[in-house]
Amino acid sequence: MSGNGWEWCSDWYSSDYYKNSPQNNPQGPSNGSGRVHRGGSWLNYPEFCRVANRIYGHPGHRFSNLGFRLARNL
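Per the working numbering, the very first residue in the sequence shown carries number -13; after that it's consecutive.
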């Protein structure tokens, strides 16, 4: 699903979080000033369009290539 639009995630952004996080099911930092945007969009170069790609996103920013995905446990 990568490449259609950046996904706005509820995880707080930290540039070095994954250097010291658990390998299984990392929960993300407990606080921060920005949220994670994942996946890249049709406006980006192909190397940005992958799920592992994550960038800082200010919580108040809006873009035509940024969205979110609803999920729930079954």
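C-beta: ideal position from N, C-alpha, C; glycine also.
Restricted to the stretch -5 to 32, the beta strand (DSSP E) segments that are unbroken, complete and at least 3 residues in length are 21 to 24, listed in chain order. Rounded to whole angstroms, the gap between the alpha carbons of P12 and P45 is 21 Å.
DSSP lists R24 as the bridge partner or partners of R40. Between V37 and G25, the gap from beta carbon to beta carbon is short of 8 Å. Contact check for R21 and D(-3): beta-carbon distance about 7 Å, within the 8 Å limit, so the pair qualifies.
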